[in-house]
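*Asks:*
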Amino acid sequence: MSIEVNNESGIQVDESALVALSRYIFEHLYINPQAELSILLVDEPAMEKLHIELMDEPGATDVLSVPMDELTPGTPGRPTPQGMLGDIAICPQVAKVQARNAGHSLQDEMLLLTTHGILHLLGYDHAEPEEKAEMFGLQRELLSGFTGKEAPAETTQ
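Using the numbering used here, you'd call the opening residue of the sequence shown number 3 and step up by one each time.
(1) Using a Cβ-Cβ cutoff of less than 7 Å, which residues in the same chain neighbour Ser146 once the five nearest sequence positions on both sides are dropped?
(2) Tell me which same chain residues have a C-beta within less than 6 Å of the C-beta of Thr116, skipping the five on either side of it?
(3) Among His53, Pro60, Met112 and Glu59, which has the Cα closest to the Cα of Val68?
(4) Assuming Ala37 and Gln84 form a contact by the criterion Cβ under 8 Å, report the distance between their Cβ atoms to the nearest whole angstrom.
(5) Grouping DSSP H, G and I as helix and E and B as strand, with all else coil, what is Val184?
(6) In whole angstroms, what separates the C-alpha of Ala129 from that of Ala135?
(7) For Met183, is the classification buried or exposed, using 16 other Cβ atoms within 10 angstroms of its Cβ as the cut-off for buried?
(8) Excluding the 5 residues flanking Thr74 on each side, which residues of the same chain have their C-beta closer than 8 Å to its C-beta?
(9) Do Phe93 and Asp16 have their CB atoms nearer than 8 Å?
(10) Can you look up Glu6 in the DSSP assignment and give me helix, strand or coil?
(11) Which same chain residues, not among the five before or five after Arg80, have their C-beta less than 7 Å away from its C-beta?
(12) Could you give the DSSP three-state label for Leu124: helix, strand or coil?
(13) For Ser11 and Ile5, I'd like the C-alpha separation in whole angstroms.
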């Protein structure tokens with residue numbers, strides 16, 4: 003399992019926790035242990051540039067996901083094939099504001115955004131009410147299982 007974290011944000015983040023969470027999600031969603039994931043932590047100007055390039059939307063956002071091999075969750079008998087899951091870009095500066103507004107820690111917000119980003123890489127979305135219920139329910143389940151406490155309130159809409 004190759005999970006890389008590259009912190010270019012200038013904000014101190016517990017990168018080992020992001021890797022541990024990613025491994026936890028891989029195991030629980032039966033993602034091939036040889037799958038690859040890249041997590042890039044960027045500042046607001048870099049995130050705004052990515053947001054414009056990828057979504058044609060101005061302003062920095064909290065998390066962006068760029069799937070590569072379009073992998074989906076596996077099953078106990080049939081894990082996801084080996085491949086490149088994709089890239090997640092997270093902006094800790096935006097996460098810090100969201101965490102404060104939601105009343106939880108930056109660490110909880112970073113874990114929330116990492117989970118959210120991985121689920122997007124796996125094909126989950128929240129555009130429709132049914133999709134949102136499924137994705138956010140799984141997000142809460144994974145976060146609670148990993149942290150051993152109630153998942154933080156969703157900050158991504």
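Built from N, CA and C at the ideal position, the CB exists for glycine as well.
*Replies:* This is what the structure holds:
(1) For the purposes of this step, residue 146 is taken as the residue at position 144 of the sequence shown. When the five nearest sequence neighbours on each side are left out, the beta carbons in the same chain lying within less than 7 Å of the beta carbon of Ser146 are those of Glu152 and Ala153, in order along the chain.
(2) As a first step, residue 116 must be located in the sequence shown, where it is residue number 114. Here the set comprises Leu20 and Leu23.
(3) Against the sequence shown, residue 68 aligns to sequence position 66. For Val68, the nearest C-alpha among the options comes from His53.
(4) In the sequence shown, the residue the question calls residue 37 occupies position 35. In the sequence shown, the residue the question calls residue 84 occupies position 82. Cβ-Cβ separation between Ala37 and Gln84: approximately 6 Å, consistent with a contact (criterion under 8 Å).
(5) Because the chain in this structure spans residues 3 to 159, residue 184 falls outside the shown range and cannot be described.
(6) What you label residue 129 is simply residue 127 of the sequence shown in a count that begins at 1. What you label residue 135 is simply residue 133 of the sequence shown in a count that begins at 1. As the crow flies, the alpha-carbon of Ala129 is around 10 Å from that of Ala135.
(7) Outside the shown range of the chain (3 to 159) lies residue 183, about which nothing can therefore be said.
(8) If you number the sequence shown from 1, residue 74 lands on position 72. Taken in chain order, the residues that qualify are Thr82, Leu124 and Gly125.
(9) For this step, residue 93 is matched to residue 91 along the sequence shown. For this step, residue 16 is matched to residue 14 along the sequence shown. This sequence places Cys at residue 93; Phe is not what is there. Inclusion of Cys93 and Asp16 in the CB contact set at 8 Å is not warranted, their separation being larger than that value.
(10) As a working mapping, residue 6 is identified with position 4 in the sequence shown. Strand.
(11) Taking the sequence shown and counting its residues from 1, the one referred to as residue 80 is at position 78. So no residue of the chain qualifies.
(12) For the purposes of this step, residue 124 is taken as residue 122 along the sequence shown, with counting starting at 1. If DSSP states are grouped into helix, strand and coil, Leu124 belongs with coil.
(13) One-based indexing of the sequence shown puts residue 11 at position 9. One-based indexing of the sequence shown puts residue 5 at position 3. Ser11 and Ile5: Cα-Cα distance of roughly 18 Å.
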